[in-house]
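6 protein chains.
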Amino acid sequence: MYEIGVVYRNIERADREAVDRLRAFGSATVHEVMGRVGLLKPYMRPIYPGAKIAGTAVTVLLQPGDNWMLHVAAEQIHEGDIVVAAITADCTDGYFGDLLATSFKARGARGLVIDAGVRDVRTLAEMGFPVWSRCISSNGTIKATLGSVNVPVVCAGALVNAGDVVVADDDGIVVVPAALASRVADAAKKREDLEADKRAKLAAGVLGLDMYQMREPLAKAGLRYID
Amino acid sequence: MYEIGVVYRNIERADREAVDRLRAFGSATVHEVMGRVGLLKPYMRPIYPGAKIAGTAVTVLLQPGDNWMLHVAAEQIHEGDIVVAAITADCTDGYFGDLLATSFKARGARGLVIDAGVRDVRTLAEMGFPVWSRCISSNGTIKATLGSVNVPVVCAGALVNAGDVVVADDDGIVVVPAALASRVADAAKKREDLEADKRAKLAAGVLGLDMYQMREPLAKAGLRYID
Amino acid sequence: MYEIGVVYRNIERADREAVDRLRAFGSATVHEVMGRVGLLKPYMRPIYPGAKIAGTAVTVLLQPGDNWMLHVAAEQIHEGDIVVAAITADCTDGYFGDLLATSFKARGARGLVIDAGVRDVRTLAEMGFPVWSRCISSNGTIKATLGSVNVPVVCAGALVNAGDVVVADDDGIVVVPAALASRVADAAKKREDLEADKRAKLAAGVLGLDMYQMREPLAKAGLRYID
Amino acid sequence: MYEIGVVYRNIERADREAVDRLRAFGSATVHEVMGRVGLLKPYMRPIYPGAKIAGTAVTVLLQPGDNWMLHVAAEQIHEGDIVVAAITADCTDGYFGDLLATSFKARGARGLVIDAGVRDVRTLAEMGFPVWSRCISSNGTIKATLGSVNVPVVCAGALVNAGDVVVADDDGIVVVPAALASRVADAAKKREDLEADKRAKLAAGVLGLDMYQMREPLAKAGLRYID
Amino acid sequence: MYEIGVVYRNIERADREAVDRLRAFGSATVHEVMGRVGLLKPYMRPIYPGAKIAGTAVTVLLQPGDNWMLHVAAEQIHEGDIVVAAITADCTDGYFGDLLATSFKARGARGLVIDAGVRDVRTLAEMGFPVWSRCISSNGTIKATLGSVNVPVVCAGALVNAGDVVVADDDGIVVVPAALASRVADAAKKREDLEADKRAKLAAGVLGLDMYQMREPLAKAGLRYID
Amino acid sequence: MYEIGVVYRNIERADREAVDRLRAFGSATVHEVMGRVGLLKPYMRPIYPGAKIAGTAVTVLLQPGDNWMLHVAAEQIHEGDIVVAAITADCTDGYFGDLLATSFKARGARGLVIDAGVRDVRTLAEMGFPVWSRCISSNGTIKATLGSVNVPVVCAGALVNAGDVVVADDDGIVVVPAALASRVADAAKKREDLEADKRAKLAAGVLGLDMYQMREPLAKAGLRYID
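So this is what it looks like as structure tokens:
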């Protein structure tokens with residue numbers, strides 16, 4: 082599956098308007114309407130709370146302890162992209178810091194998702210450049226071995242193709258195939274409209290048991306109440 | 082031990098006044114005076130810093146990837162309760178989000194302790210609904226299989242009976258059997274009174290070695306100083 | 082390697098001026114100029130964000146579930162020290178809380194690095210006493226078995242000798258041998274001066290590919306661009 | 082819940098005949114007929130493959146790094162017991178070796194289940210004394226702090242009461258409340274009789290889809306076949 | 082990427098002769114000649130040592146705690162296939178036991194690779210049905226929610242398409258895209274021929290330093306020998 | 082502490098006769114008489130059961146994903162050495178396989194201890210070349226960056242100096258400083274003599290409670306028996 086040593090320059094990015102709509106819904110709603118697929122593992126955490134972004138994926142495949150390809154990836158970034166970096170083996174090194182963030186930001190990147198470590202996290206927070214990572218580590222990397230850019234990658238357990246939509250917030254990161262972006266955004270809108278109404282009812286003390294009409298199926302499943 | 086498919090409606094809750102006194106002492110002091118038992122594993126973390134609560138446990142036993150029983154539990158919540166949710170197998174799914182939180186809050190719950198994942202954490206923080214969980218995850222759940230409510234559960238390594246006192250803060254979560262609540266609160270008060278005095282001495286530069294009279298037992302144990 | 086039951090009273094501390102210069106550079110830069118050695122494992126995390134300290138190590142070797150030697154260590158603290166605590170076996174107990182912090186602070190300690198748990202973390206944050214630890218836990222400890230103070234210890238995978246420089250911030254913790262402190266600070270200064278210039282260029286949109294002249298070595302390594 | 086410093090001498094052991102019947106079924110079948118409860122976490126592994134035992138629990142609560150109470154427990158062992166040891170905090174020390182095994186065996190114990198480390202594993206295998214543990218470690222322990230014997234304990238996530246049936250094999254460990262032993266053994270027998278027939282059909286090439294009549298419910302759930 | 086609720090019946094399997102050649106080389110050599118890609122995470126372990134298989138992938142996407150689709154997958158197995166099962170969320174339940182193994186074997190499956198737990202491991206070993214899994218667990222599963230068969234899945238960090246070659250042995254599991262099977266087998270043959278010669282030289286005491294002519298590049302990189 | 086890019090050729094090896102005596106006692110006894118220090122973390126496991134070795138350490142410091150220095154180390158091996166390999170960052174790659182084992186064996190090495198992965202484990206078992214490692218992985222490594230040989234290293238949490246004694250068996254790995262080898266062997270002999278007698282008594286049914294005269298200290302500590 083992986084090709085090593087290649088950079089795809091022309092990738093088909095998801096529709097920008099759909100991307101921006103997806104951002105508003107957040108990762109939990111988007112994941113739900115996708116049928117509960119496309120989520121990165123929950124060990125991926127934001128380096129500071131409160132960031133909420135969506136963008137189109139520029140994918141990078143990196144070698145352990147080697148961040149050379151992040152420099153190659155920088156050139157492929159368009160305004161509105163999110164860089165998604167996978168490593169060919171588990172690694173906790175700090176691949177990314179404030180210099181690369183400065184470059185990525187200047188190129189228009191909205192953030193980074195990396196299945197490894199990052200550093201300079203305080204400066205990144207001050208810059209407002211959001212990163213979701215496996216860990217935080219001062220441990221720098223070398224630049225010696227080729228990987229690839231814009232090939233399909235498996236990042237934290239999820240397949241990401243270049244151009245896919247990445248939605249990331251405090252709850253996690255979800256990937257939407259580029260071709261499905263608009264459809265998923267529509268479904269998310271519908272779901273959210275329904276939720277507003279439910280929230281009001283629940284806040285007023287209505288029970289989910291009644292609102293979702295669960296009492297009958299629970300009884301059928303055999304639930305017994307004991308006083 | 083576990084019964085599946087039952088809901089105990091009448092549980093004996095710990096004395097409210099004792100609960101509120103225990104809250105003030107925090108999990109570390111309470112755990113200490115209990116004889117260092119009753120603590121949930123330290124992998125349980127608050128979703129936002131600074132929350133400090135105590136309440137009476139409504140326990141829930143859930144199936145992996147299935148949050149049906151949280152809706153059943155909502156109906157059993159009294160003002161001042163904390164829901165304590167255990168799963169029959171390890172699971173990182175996001176069982177709980179802002180809709181359920183709205184419902185729990187409307188019922189009078191003070192918070193949730195769950196040995197699994199939660200989502201909508203930013204909204205939960207804005208609502209001021211505190212949660213201690215194993216992880217954070219966008220991954221939603223289904224509603225298909227029965228568990229139980231208010232049966233004894235093992236949550237993050239600790240046995241919790243319905244009605245027990247749960248004390249949770251940034252240091253962790255400790256469970257106090259309902260019958261011991263007042264006695265533990267008294268002991269905690271005593272310990273804390275002693276600590277205030279110690280704190281002042283230590284701040285003035287007195288060494289614990291002298292204050293606790295440790296020099297002699299250390300010498301007896303064979304401690305050698307080398308210049 | 083380890084001696085049990087001894088306290089070295091006279092340790093050679095790294096040069097204070099070098100220590101303070103190293104603080105400014107932070108753990109990532111210092112680790113980099115050391116040749117990427119001396120870093121503690123990334124599972125060590127600060128109990129609150131934003132702390133950035135450097136100091137000279139007072140080392141402590143502790144037994145599992147036993148914090149007796151932290152009291153012995155308090156007496157050996159000089160103004161400007163950081164206590165570095167290792168355990169003879171993996172342990173998540175809460176060895177350190179606000180009372181010991183009050184004492185350490187009164188003695189002039191700048192912080193604590195401990196390969197185990199801590200508690201009273203909210204109070205520690207309010208006191209401004211920074212701690213880097215393996216975890217947070219209410220679980221207290223006993224005072225029954227000897228360890229040592231100011232012997233060489235392995236803390237979170239790194240060898241620390243008493244008197245070494247410890248640099249700790251949001252990115253992690255790095256140890257600089259006392260004898261190398263000035264030399265490392267000089268190297269860090271040089272590196273940082275270079276980085277300021279690079280940052281400006283990257284912010285202006287210059288690519289690392291060009292700034293670091295990577296295009297030729299990448300081509301030599303066989304990188305192919307596909308349109 | 083936990084009492085520290087007590088030894089219950091008179092415990093009600095599960096019926097011996099039921100215990101021995103349960104042994105034959107193994108942990109997977111017993112867990113299944115219990116309604117999928119009572120299993121210890123899967124990180125518990127046998128120190129050598131092929132052991133398959135059942136017995137009545139003598140429970141021990143131990144302090145971290147301290148195996149004193151295992152000696153106290155030895156005296157409480159009856160022929161046919163299995164010692165189940167929990168620790169008040171996570172610990173990987175080697176609490177148990179060939180000397181204690183010699184003693185336990187002489188007292189009639191069938192094995193040990195311990196949520197910590199063991200050592201002398203090769204000798205234990207040669208002795209045929211089976212142990213299920215969290216890990217293997219040479220790290221010895223001290224004898225300084227009290228725990229308890231035959232109090233209810235949480236071991237690897239499961240509540241165990243003294244006298245309960247413990248069934249352990251290569252698949253894991255399951256606990257059956259003493260009062261349910263016979264009933265569970267009957268249910269296991271019934272399940273196993275059914276399985277023998279199913280096994281023959283499956284071996285002959287009959288599909289589970291047909292044998293369990295799953296085709297209709299799968300179609301109803303919406304399963305689509307694509308050629 | 083994932084489709085839920087579909088079964089692809091016609092998949093293109095890799096060339097059988099290439100599959101059987103790849104088996105002989107083992108996972109390490111195949112992974113090496115692939116350019117070090119396609120490996121499943123090393124937490125995947127065989128349930129018994131010594132198995133060494135290669136086959137064509139029948140992929141299954143399962144829901145947490147639910148093994149329904151393994152029954153659906155059984156019907157899609159051809160002689161020489163290996164079933165590769167991924168779960169939509171992390172799960173340690175025991176999805177697979179001796180009944181399913183009997184069925185899979187009757188259908189011609191060579192083994193199972195599953196990113197979750199299995200049970201009846203002793204019986205599986207006696208049957209000679211090899212399984213690589215994340216863990217071993219008695220914990221059974223339900224049959225309630227649809228997944229898919231023969232869709233692309235991410236299993237233990239690697240993308241697997243139906244029909245791909247799976248090579249599994251004591252060192253791990255590697256996936257070879259169906260289209261590359263012959264080419265990879267040829268490259269592996271070439272590599273192995275070279276290794277036989279090297280092995281003889283090394284056994285005779287020739288150093289890798291000389292055989293691989295490393296002395297010059299090491300000196301260039303700055304290696305210093307100190308007597 | 083670490084020097085990068087150096088090879089120390091003349092190291093002081095522990096006394097051979099002491100090394101061989103230590104082998105017989107095994108890691109648990111040696112660790113015990115050392116005062117419970119010097120043990121590598123229990124995540125280090127033998128790749129096959131039953132190996133029991135002792136030897137003098139040739140230390141290697143490796144970079145993540147790079148096994149170049151293992152070839153450099155091969156030349157420094159003397160008859161009776163054990164290679165101890167540490168990595169500058171956590172890494173699960175397979176650094177070592179049958180070719181290097183052939184070379185190490187030809188040079189007289191008794192085994193390998195490596196805080197990373199190994200591969201070709203079946204062949205290594207057939208060759209009788211024992212390895213203790215963090216994991217098993219097919220993932221190969223590159224040869225691009227310098228490390229060091231025979232510098233002090235921290236391997237799996239323990240400091241190892243070149244020439245130290247390494248004792249490894251099924252229970253784990255312990256390091257004895259070269260200068261202490263004879264003294265530790267004497268102490269181990271003494272301990273073992275005592276144990277033989279104790280074993281006989283315990284086998285005869287004498288309780289540790291009586292043999293170690295624990296009843297009085299237990300009573301003093303407050304142990305209560307409840308009938």
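Quick note, the sequences are listed as chains A, B, C, D, E and F, same order.
Numbering follows our numbering, in which position 212 of the first sequence is assigned residue number 293; successive positions increment by one, without gaps.
Numbering follows our numbering, in which position 177 of the second sequence is assigned residue number 258; successive positions increment by one, without gaps.
Numbering follows our numbering, in which position 78 of the third sequence is assigned residue number 159; successive positions increment by one, without gaps.
Numbering follows our numbering, in which position 52 of the fourth sequence is assigned residue number 133; successive positions increment by one, without gaps.
Numbering follows our numbering, in which position 199 of the fifth sequence is assigned residue number 280; successive positions increment by one, without gaps.
Numbering follows our numbering, in which position 50 of the sixth sequence is assigned residue number 131; successive positions increment by one, without gaps.
Where a beta carbon is used, it is the ideal one built from N, C-alpha and C, also for glycine.
* Is residue 204 of chain B helix, strand or coil by DSSP? -> helix
* To do: Inspect the beta-carbon positions of residue 160 of chain F and residue 189 of chain F and report whether they are closer than 7 Å.
  => Inclusion of residue 160 of chain F and residue 189 of chain F in the CB contact set at 7 Å is warranted, their separation being smaller than that value.
* Asked: In whole angstroms, what is the alpha-carbon distance linking residue 168 of chain F and residue 125 of chain F?
  -> Distance between the alpha carbons of residue 168 of chain F and residue 125 of chain F is about 14 Å.
* Asked: Considering only the beta carbon of each residue, do residue 254 of chain C and residue 213 of chain C sit closer than 7 Å?
  -> It is a contact, given that the beta carbons lie within the stated cut-off.
* Look at the alpha carbon of residue 103 of chain E and the alpha carbon of residue 177 of chain F, and state the distance between them as a whole number of angstroms. => Between the alpha carbons of residue 103 of chain E and residue 177 of chain F lies a gap of roughly 21 Å.
* Asked: Should residue 200 of chain D be listed as close to the ligand NAP, given that the test is whether its C-beta is under 6 Å from any heavy atom?
  -> Questions concerning the ligand NAP fall outside what the structure shown contains, since it holds no ligand whatsoever.
* Asked: Can you find a C-beta in chain F that's less than 7 Å from the C-beta of residue 338 of chain E?
  -> This structure cannot speak to residue 338 of chain E, because chain E is shown only from 82 to 308.
* Taking all protein chains shown into account, decide if residue 148 of chain A is buried (16 or more other Cβ within 10 angstroms of its Cβ) or exposed. => buried
* **CB contact flag (residue 259 of chain E, residue 238 of chain E, <7 Å)** => no
* Have a look at E/268, E/141, E/276, E/219 and flag the residue whose alpha-carbon is nearest the alpha-carbon of residue 164 of chain E. => E/141
* Any Cβ of chain B within less than 7 Å of the Cβ of residue 240 of chain D? -> yes
* Give the single residue among E/217, E/150, E/128, E/272 whose Cα lies nearest to the Cα of residue 288 of chain D. => That would be E/150, whose Cα lies nearest to the Cα of residue 288 of chain D.
* Asked: Any idea which residues DSSP pairs residue 137 of chain C with across the strands?
  -> C/162, C/246
* To do: Alpha carbon to alpha carbon, how far is residue 94 of chain F from residue 82 of chain C? Give it in angstroms, no decimals.
  => Bear in mind that a pLDDT of 49 at residue 82 of chain C, under 50, signals an unreliable position, so the number given afterwards is only what the model happens to contain. Each residue's Cα considered, the two are about 16 Å apart.
* **Beta-carbon neighbours of residue 200 of chain C, restricted to chain B and to distances below 7 Å** => By Cβ distance, chain B contributes 109, 252.
* Where does residue 293 of chain F land, buried or exposed, given buried means 16+ other C-beta within 10 angstroms? -> exposed
* To do: Report, in whole angstroms, the separation of the C-beta atoms of residue 229 of chain B and residue 86 of chain B, which I expect to be a contact under 8 Å.
  => 6 Å
* So, is the C-beta of residue 236 of chain D closer than 7 Å to a C-beta in chain F? -> no
* For the putative contact between residue 197 of chain C and residue 173 of chain C, defined by C-beta atoms under 8 Å, what is the C-beta separation to the nearest angstrom? -> Their Cβ separation, rounded to whole angstroms, is 7 Å, which keeps residue 197 of chain C and residue 173 of chain C in contact under 8 Å.
* Does any residue of chain C bring its CB to less than 7 Å from the CB of residue 272 of chain B? -> no
* If you follow the alpha helix (DSSP H) that residue 277 of chain B is part of, which residue opens it and which one closes it? -> That run of the alpha helix (DSSP H) goes 262–284.
* Mapping DSSP to helix, strand and coil, what is residue 218 of chain E? -> coil
* Count the C-beta pairs between the region 128–135 of chain E and the region 264–273 of chain E that are closer than 8 Å, then say yes if the count reaches three, no if not. => Put simply, the region 128–135 of chain E does not touch the region 264–273 of chain E. Fewer than three CB pairs are less than 8 Å apart.
* Asked: What does residue 223 of chain E touch in chain I if you count any residue whose Cβ is under 7 Å from its own?
  -> Judged by its chain identifiers, the structure shown contains no chain I, and its protein chains are A, B, C, D, E and F.
* Hey, quick one: how far does the beta strand (DSSP E) through residue 253 of chain D stretch, first residue to last? -> 253–257
* **alpha helix (DSSP H) segment containing residue 101 of chain D, residue limits** => 97–114
* To do: Reducing DSSP to helix, strand and coil, say where residue 90 of chain A ends up.
  => coil
* According to a CB-to-CB cut-off of less than 8 Å, which residues of the region 182–200 of chain D neighbour chain C? -> none
* Asked: If you compare alpha carbons, which of F/84, F/97, F/247 is closest to residue 195 of chain F?
  -> F/247
* Cβ of residue 84 of chain A within 7 Å of any chain F Cβ -> no
* **For residue 262 of chain D, the nearest candidate out of D/91, D/100, D/92 (CA to CA)** => D/100
* **Three-way DSSP call (helix, strand, coil) for residue 232 of chain F in this model** => In this structure, residue 232 of chain F counts as coil in the three-state DSSP scheme.
* Between residue 216 of chain F and residue 109 of chain E, what straight-line distance do the alpha-carbon atoms span, to the nearest angstrom? -> For residue 216 of chain F and residue 109 of chain E, the distance between alpha carbons rounds to 14 Å.
* Answer yes or no: do residue 241 of chain D and residue 119 of chain D have a C-beta to C-beta separation smaller than 7 Å? => At a Cβ-Cβ threshold of 7 Å, residue 241 of chain D and residue 119 of chain D do not count as neighbours.
* Asked: Nearest chain D C-beta to residue 116 of chain B closer than 7 Å, yes or no?
  -> yes
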